[in-house]
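Residue numbering for the sequence shown follows this note's numbering, starting at 1201 and increasing by one per position.
Idealized CB from N, CA, C, for every residue including glycine.
Here the structure is laid out as structure tokens; the discussion comes afterwards.
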Amino acid sequence: MKRLSALFGLCFSLLAPLASATTFTFTAIPDEDELALRSRFDKVAAYLEAQLGVEVKYVPVKSYSAAVTAFRNNQVQLAWFGGLSGVQARRLVPGSEAIAQGYEDQFFKSFLIAHHSTGLAKGDGFPAIEGYTFTFGSKDSTSGRLMPQFYVEQHLGKKPEELFKRVGFSGDHSRTIAQVEAGVYQVGAVNYKVWESAVAQGKVDTSKVAVIWESPEYPDYQWTARAGLDASFGAGFKDKLTKALLEMKDPDLLASFPRQSFVPASNQDYVPVETVAKAIGLLD
């Protein structure tokens, strides 16, 4: 009996460190260049680790769909999603919740940008872009594909492949800007935050590429927490995580998003995104 008790004690001593070493992992859609993302989210990991009292690791991914897959497979328990990728992820993992969004994400916008050679300029109505070459961002981007495509179809009455000489998908907003500036594509759709940040940092030659239209507002980015956090990390963990995100006040950290603050979010906030995705055939 003593030997059996000792064996149980040894097993417990070996298992206890494993339980305490559980790592909380998160990812983010790759909407900008990798260096910018790594700089931003490594700082987020350090902040969350201090607030949550567990090891926190940022897991980079190569595509929007890879972020959704990592979330579905429980390789990450939290993700900074766009509106559409968040909807996709929550549909795949029932019980998952949007818990926080940037203040600006309540009223997000897309820009259409054009190479100077087109002669297109911002006016009162929707621009005459039919017949040009056109690039979206990622195929699963809310601001770089979903909402721009919806408004293009609404205003011009045709699908992109019927409207444009050539349609591309750059992969992220930074590449969209670079491709339109270089004339690889004549017109493109881009996240207004990435555009404004790139212009402010002097990364855009505005003599070669300019904004020609901005969309109506819609809900976009959000932090989505995977179902079952309290079961994995202890009672009250999801609430603690939500509080940490909402109380993220470091000006440098917020500026890296860039957001002025984070505010509460819910799945209901993204019903308009889901409705649009169904309307243009990106969700069944």
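Of the residues assessed, Lys1440 falls on the buried side of the cut-off, its CB having 16 or more other CB atoms within 10 angstroms. DSSP, reduced to helix, strand and coil, places Thr1222 outside both helices and strands of the structure shown, so it counts as coil.
Bridge pairing for Arg1366: Thr1333 [DSSP]. When DSSP states are grouped into helix, strand and coil, Ile1313 belongs to the strand group. The DSSP-derived three-state label of Phe1462 is strand. Take Thr1335, set aside five residues on each side of it, and the residues of its chain with a beta-carbon closer than 8 angstroms to its own are Val1367, Gly1368, Phe1369, Ser1370, Thr1376, Gln1379, Val1380, Val1384, Tyr1385, Val1387, Gly1388 and Ala1389, in chain order. Counting along the chain, Gly1302 sits inside the beta strand (DSSP E) bounded by residues Glu1297 to Gly1302. As a beta-bridge residue in DSSP terms, Lys1257 pairs with Thr1225.
Residue range His1373 to Ala1382 is occupied by the alpha helix (DSSP H) that includes Ile1377. According to the DSSP assignment, Glu1353 belongs to the alpha helix (DSSP H) that extends over Met1347 to Leu1356. By the Cβ neighbour-count rule, Pro1419 is buried, with 16 or more other Cβ atoms within 10 Å of its own. Nearest Cα to Leu1237 within the set Val1394, Leu1446 and Gly1436: Val1394. Between the stretch 1463-1480 and the stretch 1295-1311 there are three or more inter-stretch CB-CB distances shorter than 8 angstroms, so the stretches are counted as touching.
Gly1434 has its alpha-carbon roughly 56 angstroms from the corresponding atom of Ala1328.
Residues of the same chain with a CB within less than 6 angstroms of the CB of His1355, apart from the 5 flanking positions on each side, are Phe1326 in chain order. Contact fails between the stretch 1248-1257 and the stretch 1399-1406, because fewer than three Cβ pairs, one in each stretch, are under 8 angstroms apart. Contact check for Glu1330 against Leu1363 passes: the beta carbons are separated by less than 8 angstroms.
Classified as exposed, Pro1451 has fewer than 16 neighbouring CB atoms from the shown chains inside 10 Å of its CB. Residue pairing by DSSP puts Phe1281 in a beta bridge opposite Gln1422.
The secondary-structure analysis by DSSP pairs Asn1391 across a beta bridge with Ser1310. When the Cα atoms are used, Gln1349 and Asp1430 turn out to be separated by approximately 39 angstroms. With contacts defined as CB atoms closer than 8 angstroms, Phe1241 and Thr1424 fail to qualify as a contacting pair. 8 angstroms or more divides the Cβ of Ser1397 from the Cβ of Ser1239. Looking at the DSSP output, Ala1410 bridges to Ala1314. Contact annotation: Leu1483 and Ala1300 have beta-carbon atoms that are not nearer than 8 angstroms. Secondary structure note for Thr1442: its alpha helix (DSSP H) is the uninterrupted segment Phe1437 to Leu1446. Under the three-state reduction of DSSP output, Val1473 falls in the helix class.
Pairwise C-beta distances place the stretch 1289-1298 in contact with the stretch 1262-1273, as three or more of them are shorter than 8 angstroms. In this model, Lys1339 and Tyr1421 are separated by some 16 angstroms (Cα to Cα).
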